[in-house]
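Enquirer: Mind looking over this structure? Questions follow.
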Amino acid sequence: MKIRGGDLDLVEYEFTSFSPGENIRPCGLKKDYPLAPVSGTVVARAPARIHLTVLDMNRFSPDRPGGGGIGFAIGVYCTAEVECTPSGLEIDYTREPILRHFAEAFRQVVGYTGGFKIRARDHQYEHVGLGSTSTILIAAANALNAAVGSPLTSDQLRLLLGCNFVEETVAGNVAFGFETGVGPAASSHGGMVVMGDDLALIYRHAFAEGKNVYIAIPSSDISSAGEKEFDLLMNKARTLDYRDRELKSYLVLMDLIPALERGDLRKAGDVIWEIEFRGSKRAEVEHHGFEIYRYMAALRDAGLEFVGMSSVGPSIAVITDRPEEEVAGILEKAGLRVAIATTVDNEGLKIRVEERV
Numbered sequence: 001m002k003i004r005g006g007d008l009d010l011v012e013y014e015f016t017s018f019s020p021g022e023n024i025r026p027c028g029l030k031k032d033y034p035l036a037p038v039s040g041t042v043v044a045r046a047p048a049r050i051h052l053t054v055l056d057m058n059r060f061s062p063d064r065p066g067g068g069g070i071g072f073a074i075g076v077y078c079t080a081e082v083e084c085t086p087s088g089l090e091i092d093y094t095r096e097p098i099l100r101h102f103a104e105a106f107r108q109v110v111g112y113t114g115g116f117k118i119r120a121r122d123h124q125y126e127h128v129g130l131g132s133t134s135t136i137l138i139a140a141a142n143a144l145n146a147a148v149g150s151p152l153t154s155d156q157l158r159l160l161l162g163c164n165f166v167e168e169t170v171a172g173n174v175a176f177g178f179e180t181g182v183g184p185a186a187s188s189h190g191g192m193v194v195m196g197d198d199l200a201l202i203y204r205h206a207f208a209e210g211k212n213v214y215i216a217i218p219s220s221d222i223s224s225a226g227e228k229e230f231d232l233l234m235n236k237a238r239t240l241d242y243r244d245r246e247l248k249s250y251l252v253l254m255d256l257i258p259a260l261e262r263g264d265l266r267k268a269g270d271v272i273w274e275i276e277f278r279g280s281k282r283a284e285v286e287h288h289g290f291e292i293y294r295y296m297a298a299l300r301d302a303g304l305e306f307v308g309m310s311s312v313g314p315s316i317a318v319i320t321d322r323p324e325e326e327v328a329g330i331l332e333k334a335g336l337r338v339a340i341a342t343t344v345d346n347e348g349l350k351i352r353v354e355e356r357v
């Protein structure tokens with residue numbers, strides 16, 4: 001497939017798949033770690049995320065995680081349970097290949113020679129912009145790590161996951177996907193996060209405390225996954241980010257972060273609304289046609305403080321003081337409904353150990 005980033009940047013990319021456990025990227029983390037497998041079941045629960053924008057899609061690809069971005073954790077959860085076993089890898093999850101691939105990467109890096117029994121359950125909202133893949137993977141990563149004595153730090157787990165982030169194929173293989181690091185960082189730490197390139201966590205702050213989060217999922221016949229996503233992100237989105245990446249970064253640094261420090265939800269919402277029309281975010285919204293803009297404009301015109309589409313959509317996140325009944329009425333007038341009513345998760349991933357009886 002062709003990737004165009006600018007007038008002089010046109011390359012071919014071979015979108016290859018492989019068996020889970022192949023093409024492991026150790027990210028410089030492989031060494032001798034003192035392991036101490038725990039007795040019992042480790043349970044990790046991670047909040048999903050709303051991914052508001054990539055800062056520059058010219059700085060990431062399936063071969064290179066990064067690109068920067070902003071997003072926040074929400075009270076919708078994925079759970080992974082892990083037990084250490086003498087050998088083998090037993091996985092109870094509908095998307096088994098992606099967990100198998102990361103489990104093999106983790107075993108290689110930390111030098112664990114035993115086995116794992118993994119049971120995972122995601123939030124059931126797949127490929128609508130709520131980060132089901134990254135959330136279940138960061139939950140599993142933390143559970144695996146805790147099960148062998150926590151040899152890696154939270155940041156090291158994010159790095160290992162970002163470098164080995166995959167999506168499954170129809171044939172049961174995996175292929176490297178697009179990863180900014182926003183999802184794992186938001187899920188790990190909670191609140192709003194700002195990412196730089198190379199999966200660097202630049203800033204994290206509690207966000208929208210005491211406010212309500214409502215998510216609408218408009219119907220869309222446009223795919224937000226696989227080849228369609230690849231073509232969108234690597235072509236039109238890159239071209240638009242060449243034009244607007246400096247503006248988006250400026251808005252984040254000079255307006256969004258100060259608004260977060262002040263707890264000013266309306267100002268934060270104004271910044272995000274501006275970004276909806278800039279660079280790669282515009283490409284993501286227009287991917288579904290201008291109907292998404294019509295929906296969001298109607299919600300903004302009704303006075304809702306914060307409105308933004310997550311990732312490549314079509315999910316729209318609304319944050320406001322207003323109660324659900326009032327917001328539901330506003331959404332209904334726009335032709336939408338409340339699919340999820342929740343809050344921002346400002347605490348992040350939680351781990352516990354259930355001892356064997």
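Numbering-wise, the sequence shown is residues 1 to 357 according to the UniProt record's numbering.
Think of the CB as a built atom: it goes at the ideal place given N, C-alpha and C, for glycine as much as any other residue.
Checking 8 Å against the spacing of the C-beta atoms, do Ser315 and Leu130 come in under that value?
Expert: Contact: yes.
Enquirer: CB-CB under 6 Å to Leu8, same chain, minus the five flanking residues each way: which ones, in chain order?
Expert: Unreliable placement is indicated for Leu8, whose pLDDT of 45 sits below 50; no coordinate value is reported for it.
Enquirer: Can you tell me which of Glu22, Gln108, Glu324, Phe72 puts its alpha carbon nearest to the alpha carbon of Gly28?
Expert: Ranking Glu22, Gln108, Glu324, Phe72 by Cα distance to Gly28 puts Gln108 first.
Enquirer: When DSSP builds the beta bridges, which residues end up paired with Leu89?
Expert: According to DSSP, Leu89 bridges with Phe116.
Enquirer: At what residue ranges does the region 37 to 113 contain a whole run of the alpha helix (DSSP H), taking only runs of 4 or more?
Expert: 96 to 110, all fully within the region 37 to 113.
Enquirer: So that I know if they touch, is there some Cβ in chain B lying closer than 8 Å to that of Ala36?
Expert: No chain B appears in this structure, which consists of one protein chain only.
Enquirer: Give the C-beta separation of Arg356 and Gly88 to the nearest angstrom, bearing in mind that I take them to be a contact with Cβ-Cβ under 8 Å.
Expert: Not a contact, Cβ separation roughly 18 Å.
Enquirer: According to DSSP, is Leu201 helix, strand or coil?
Expert: Looking at Leu201 - three-state DSSP - the assignment turns out to be strand.
Enquirer: For the putative contact between Gly348 and Ala73, defined by C-beta atoms under 8 Å, what is the C-beta separation to the nearest angstrom?
Expert: Yes, Gly348 and Ala73 are in contact; Cβ-Cβ is about 6 Å, under 8 Å.
Enquirer: From the DSSP output, in three-state form, read off Ala237 for me.
Expert: Helix.
Enquirer: In the DSSP assignment, the beta strand (DSSP E) including Ala216 goes from what residue to what residue?
Expert: Unbroken beta strand (DSSP E) run through Ala216: 212 to 216.
Enquirer: What are the partner residues of Thr180, as DSSP defines its beta bridges?
Expert: Note: Thr180 sits in no beta bridge, so no partner.
Enquirer: Does the structure place the region 232 to 252 close enough to the region 278 to 286 that three or more beta carbon pairs sit under 8 Å?
Expert: Touching, per the Cβ criterion.
Enquirer: Nearest CA to the CA of Val148: which residue from Ala36, Pro184, Ala317, Asn173?
Expert: Of the listed residues, the one whose Cα sits closest to Val148 is Ala36.
Enquirer: Per DSSP, which residues does Ile319 bridge with? Please list them.
Expert: Paired residue(s): Val213, Phe306.
Enquirer: Could you tell me if Thr153 is buried or exposed, where buried requires 16 or more neighbouring beta carbons within 10 angstroms of its beta carbon?
Expert: Per the 10 Å Cβ criterion, exposed.
Enquirer: Rounded to whole angstroms, how far is the Cβ of Ala139 from the Cβ of Ala46, which I believe are closer than 8 Å?
Expert: Confirmed, about 4 Å.
Enquirer: Hey, out of Ile50, Ser150, Tyr203, whose CA is closest to Leu260's CA?
Expert: Of the candidates Ile50, Ser150, Tyr203, the one whose C-alpha sits nearest the C-alpha of Leu260 is Tyr203.
Enquirer: Relative to the C-alpha of Arg266, which residue among Gly172, Gly111, Glu305, Met296 is closest?
Expert: Comparing Cα-Cα distances from Arg266 to each of Gly172, Gly111, Glu305, Met296, the minimum goes to Glu305.
Enquirer: Suppose you measure from the CA of His51 to the CA of Phe15; what does that come to, to the nearest Å?
Expert: Cα to Cα, the separation comes out at about 24 Å.
Enquirer: Could you say which of Glu168, Ile351, Lys248, Gly67 lies nearest to Pro20 if we only look at CA atoms?
Expert: Cα-wise, what sits closest to Pro20 is Glu168.
Enquirer: For Glu126, name the three-state secondary structure that DSSP assigns.
Expert: Reduced to three states, the DSSP call for Glu126 is coil.
Enquirer: Pull up the DSSP beta-bridge partners for Glu167, would you.
Expert: DSSP lists Ala175 as partners of Glu167.
Enquirer: Along the chain, where does the alpha helix (DSSP H) containing Ile138 start, and where does it finish?
Expert: Its alpha helix (DSSP H) spans residues 132 to 147.
Enquirer: Rounded to whole angstroms, what is the Cα-Cα separation between Phe60 and Ser310?
Expert: Going by the C-alpha atoms only, they are around 18 Å apart.
Enquirer: Taking all protein chains shown into account, decide if Met195 is buried (16 or more other Cβ within 10 angstroms of its Cβ) or exposed.
Expert: Under this definition Met195 is a buried residue.
Enquirer: Round the Cβ separation of Ile136 and Ile118 to the nearest angstrom and send it over; I've been treating them as touching at under 8 Å.
Expert: 10 Å between Cβ atoms; not a contact.
Enquirer: In this structure, how does DSSP classify Arg356 when only helix, strand and coil are distinguished?
Expert: Looking at Arg356 - three-state DSSP - the assignment turns out to be coil, as it is neither helix nor strand.
Enquirer: How far does the beta strand (DSSP E) with Val194 in it extend, from its first residue to its last?
Expert: Unbroken beta strand (DSSP E) run through Val194: 192 to 195.
Enquirer: Check whether the Cβ atoms of Phe102 and Asn145 lie closer than 8 Å to each other.
Expert: In this structure, Asn145 does not lie closer than 8 Å to Phe102 by Cβ.
Enquirer: Are the beta-carbon atoms of Lys248 and Ile319 separated by less than 8 Å?
Expert: No; because the gap between Cβ atoms is not below 8 Å, this pair is not in contact.
Enquirer: The beta strand (DSSP E) with Ala298 in it runs from where to where?
Expert: Run containing Ala298: none in the beta strand (DSSP E); it sits in the alpha helix (DSSP H), 291 to 301.
Enquirer: Secondary structure at Ile275, three-state DSSP: helix, strand or coil?
Expert: Ile275: helix per DSSP, three-state reduction.
Enquirer: Alpha carbon to alpha carbon, how far is Glu246 from Asp345?
Expert: If you take the alpha carbons of Glu246 and Asp345, they lie about 29 Å apart.
Enquirer: Three-state secondary structure (DSSP) at Arg121?
Expert: Three-state result, Arg121: strand.
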